[in-house]
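Residue numbers (our numbering): 12 to 90.
Take a look at the structure set out below.
Given below as structure tokens:
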């Protein structure tokens, strides 16, 4: 089995956002080494631990943001 091309960036949870009682809570993550205007991303604050239990991120948590793509969706980088 071949591995997918990927990159990993570090980030920090800046805030936990409760939008509406019927909407899922969001975690705002500041991605290090991203362009200034695109540094923050928001995701549903629901993860799964190694036992399959639901967990949430805490404000200030250090996280890894991984971007993966199928090999067919990439091209070689020209130097």
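Positions of the beta carbon are idealized from the N, C-alpha and C atoms, including for glycine.
Could you work out which residue in the options is closest to residue i when comparing CA atoms only?
i: residue 75; options: 28, 33, 58; result: 58
i: residue 54; options: 68, 37, 63; result: 37
Once DSSP output is grouped into helix, strand and coil, what is the label at residue i?
i: residue 65; result: strand
i: residue 91; result: Shown here, the chain extends from 12 to 90; a query on residue 91 therefore has no answer.
i: residue 57; result: coil
i: residue 41; result: strand
i: residue 51; result: strand
i: residue 75; result: strand
i: residue 30; result: coil
Here's the rule I'm using: 16 or more other beta-carbon atoms within 10 Å means buried, otherwise exposed. How should residue i be labelled?
i: residue 24; result: buried
Is the region 39-46 close to the region 16-30, with three or more CB pairs under 8 Å? yes
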